[in-house]
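So the protein lines, in turn, are chains A and B. If you read the first sequence in our numbering, its first letter stands for residue 1, the second for the next number, and so on. If you read the second sequence in our numbering, its first letter stands for residue 262, the second for the next number, and so on. All C-beta atoms in this analysis are idealised placements derived from N, C-alpha and C, irrespective of residue type, glycine included. Note that the structure is predicted; figures quoted are calculated from it, not measured.
2 protein chains.
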Amino acid sequence: MKWLRYSTRGEIFTGYLEGDLLHAVKGTPWGEWKSTGVQHELGAVKLEVPVIPPTFYAAGLNYVKHIMEVAHAKGETPVVPGAADIGYRAVNALIADQEEVIIPADAGEKIHYEAELVVVIGKKVKNISEQDALSCIFGYTIGNDVSERDWQKEDRTFFRSKNSDTFKPMGPWIDTDFNLHGAQTRVSVNGVLTIEFDTEAMLFSIATFISRTSRYATLYPGDVMWMGTDGTSPNIKGGDTVEIEITGLGKLKNRFIKAHV
Amino acid sequence: MKWLRYSTRGEIFTGYLEGDLLHAVKGTPWGEWKSTGVQHELGAVKLEVPVIPPTFYAAGLNYVKHIMEVAHAKGETPVVPGAADIGYRAVNALIADQEEVIIPADAGEKIHYEAELVVVIGKKVKNISEQDALSCIFGYTIGNDVSERDWQKEDRTFFRSKNSDTFKPMGPWIDTDFNLHGAQTRVSVNGVLTIEFDTEAMLFSIATFISRTSRYATLYPGDVMWMGTDGTSPNIKGGDTVEIEITGLGKLKNRFIKAHV
C-alpha cells in the first residue's frame, strides 16, 4: 500500500494510491483512519512531504564505500563507525518530490546528493530487540540528504551544510510493502546514471539502528530514520535534476536552482 | 504574561497564569487564541512541557568558562567557536518541570546538568537581520541540557549522551516579559548552590544566533533555541534534585532517578 500527502486547491490530504487514484482518508495511516469517499487523480495534485516527523533521525556513515570516499576527499584516514550511533536532521529542510532544491547564494561548488532509504516508524517503542525491531516499521520512502561539503568540513555543526531549507527532499510516498532484499538504489543526474548500489549493503542494519536507538530513546509513530548512502556525488549545479530510484519503492526527483541573493 | 501547558483529569490544556489561576485558552499563544472561561489552580494541575518544538535548536558551546572547563576535563585544548553554528536536540527527550530524569542503567557516573536560557520563536522568519532578530521571539523558558559525559566523548553523535529519554527538562512556563539584562542563572543541587552566572554573558548573542541560523533555515513558531551554559556540573546521582533558577523568569526543578534495568 502506498500512502501519500498531497494538496489540491489549497487543501492538504492524506490518502492511499490505487492505480492512478488517490483515496483521501481521515486519520493517520499508522493509526485509526477511514475513507472519506473523496478521490483525486495522482497526476492532478501536488505531492507534499509524506510525513512531518516528530524526530528526524539520520544514520550518517552507513555504507563502506561512502566512508572511504568521503575520508579520501577530506584528506583524512577513513574511520568506520564502531556502533550504530544515530544522528539528526531538521524538518525545516524537508521538501516533497518534484519540489526544487535551492542552493544558497553563498554556497560553494561541492553540492552533493546522498541517496537514502528512509524508514518510517509506525509504533511507539522503547528498548526493542533487534529480533523484533522491524515490527515497529510502518513503511519506507526515499530521501536525498543534500550536502554542502565545504560547510560540512568547516562548520562546528551540520546546521547549514545539511539543514538549509530545501536540502532534504523526501518522497514520493510511504510504501508499506517494500522488500529491501535485492533492492537497488540508482541515482541519475539529468537522466544519466551516476551511481548504483545494493540498498541493503549497510554497515549496520535497520534492525540494529532501531534496536540500539530505542534502548535510550522512545521511537514514535511518524519518526523517520534515514539509513545513509553509498559512494559519492558529482558537484550538482543550478539547473541540474537529480532522480533517485530505489527499485520496488519509487522515484524521488528534484531540480536544483542556484539562488543569487 | 506566563503561558503554560498542563494536564488535569487526563486532558491537556494551554493557558496563561494570573496569580495562582490558570486561564485555559483555545488556539496557540503565538497565534490566534481566545479564553474558554475554564480556570484551574496552578497547584492542582500537572505541568507539561510548555511547547513541543517542530525544530529543537541548541547553541552548544556559548559561554567561555564552560568551553575552557569542558576542554580541560577532556584533556583537550579549548577551541572557542568562530561562528554561531547552531546544533540540534530531540523532542523524545523533553520532560516538564517536576518530572523525573531517568539515568539509564548503563550510564557512567558523569551525569551533568547544563542550565540554559531557552528562546521560543513566535513568528515564521527567514534571513532576518541581527537588528530585527529579537522581534521573532515569543518568550523565554528554562532548559536543563542533561549530559552523560563518557558517551558524549566516545560516541559519534549525541544520540544517547544528550538525547536519552528524559534528558531535556524544559519549563516551567514561557514568559513573554522576561528581561535578559541583569538576569542571573543559579543552579542548586539538593538545595545547595553549585553555580551562578550572568545569563547574558554569551559568546554569541541571541540575535546573532537567530540571524545567522535564519540565513539558511526558516524559523517557525514554536521552535526553541537553547542558548548554552556556563561552568561545569558536579556528578549528579540517583536521588539528587537539580533546580535551575533564572532570575525574573522562574525555576525548573527535577529529581534524578537511577534505572537499574
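The beta carbon of Thr232 of chain A lies closer than 6 Å to those of Glu69 in the same chain, with the five residues before and after it left out. Inter-residue distance for Val49 of chain A and Lys326 of chain B is about 43 Å (C-alpha atoms, whole angstroms). Using beta-carbon distances, Ser425 of chain B counts as an interface residue toward chain A, with a partner under 9 Å. The C-beta of Pro339 of chain B comes no closer than 9 Å to any C-beta of chain A. Residues of chain B whose Cβ lies closer than 9 Å to the Cβ of Asp150 of chain A do not exist; the shortest such Cβ separation is about 13 Å. By the Cβ criterion, the stretch 503 to 521 of chain B is in contact with the stretch 436 to 447 of chain B, since at least three pairs of Cβ atoms, one from each stretch, lie closer than 8 Å.
Each residue's CA atom was taken as its position, placing Glu272 of chain B and Asp150 of chain A some 48 Å apart.
Neighbours of Arg421 of chain B across chain A, judged by C-beta separation under 7 Å: Tyr216. Under the Cβ criterion of 9 Å, Lys258 of chain A is not counted among the residues facing chain B. For Ser475 of chain B, the enclosing alpha helix (DSSP H) has its first and last residue at 467 to 477. Within the model, the alpha-carbon separation for Gly500 of chain B versus Gly19 of chain A is close to 59 Å.
Within the stretch 221 to 240 of chain A, the residues whose Cβ lies closer than 9 Å to some Cβ of chain B are Asp223, listed in chain order. Straight-line spacing of the CA atoms in His72 of chain A and Gly288 of chain B works out to 52 Å. In this structure, DSSP gives Gln392 of chain B a state outside helix and strand, which the three-state scheme calls coil.
DSSP, read as helix, strand or coil, puts Ala183 of chain A in coil.
Against chain A, a Cβ distance below 9 Å from Ile382 of chain B picks out nothing, because the smallest value is about 11 Å. For Met68 of chain A, the secondary structure class from DSSP, reduced to helix, strand or coil, is helix.
In the DSSP assignment, the residues bridged to Ala319 of chain B are B:Gly348, B:Trp487. Relative to Lys123 of chain A, the option among A:Asn92, A:Pro29, A:Ile236, A:Arg255 whose CA is nearest is A:Pro29. Within the DSSP secondary-structure output, Val381 of chain B pairs in a beta bridge with B:Gly400, B:Val485. Inter-segment contact for the stretch 142 to 149 of chain A and the stretch 208 to 221 of chain A is absent: fewer than three beta-carbon pairs are separated by less than 8 Å. Listed along the chain, the chain A residues whose CB falls inside 7 Å of the CB of Asp346 of chain B are Asp155, Arg156, Thr157, Phe159. Taking a C-beta distance under 9 Å as the contact criterion, Thr208 of chain A and Glu196 of chain A do not qualify as a contact pair. Contact with chain B is absent for Ile246 of chain A, since none of that chain's Cβ atoms lies less than 9 Å from the residue's Cβ. Three or more beta-carbon pairs separated by less than 8 Å link the stretch 52 to 61 of chain A to the stretch 80 to 99 of chain A, which places the two stretches in contact. Within the stretch 94 to 106 of chain A, Pro104 place their CB atoms closer than 8 Å to a CB of chain B, listed in sequence order. Distances from the CA of Gly37 of chain A to each of A:Pro54, A:Leu47, A:Gly15 were compared; the closest alpha carbon is that of A:Gly15. For the 9 Å CB-CB criterion, Leu308 of chain B and Leu355 of chain B do not form a contact. Between Thr490 of chain B and Val380 of chain B, the alpha-carbon positions lie close to 14 Å from each other. A residue is called buried once 16 or more other Cβ atoms fall within 10 Å of its Cβ, and Lys126 of chain A, having fewer, is exposed. In terms of beta-carbon proximity, Leu480 of chain B lines the interface with chain A, with at least one pair separated by less than 9 Å.
Just measuring C-alpha positions, the residue of A:Ala105, A:Asp223, A:His112, A:Val91 sitting nearest Ile137 of chain A is A:Asp223.
Per the DSSP secondary-structure output, Gly288 of chain B pairs in a beta bridge with B:Trp294. A check of alpha carbon separations from Lys514 of chain B across B:Ala444, B:Ile467, B:Thr460, B:Phe428 identifies B:Phe428 as the nearest.
Distances from the alpha-carbon of His40 of chain A to those of A:Glu32, A:Ile52, A:His23 put A:His23 closest. Shown here for Ile174 of chain A: same chain residues with a beta carbon closer than 6 Å to its own, the five before and five after excluded, namely Trp3, Pro50, Val120, Gly139, Thr141 in chain order.
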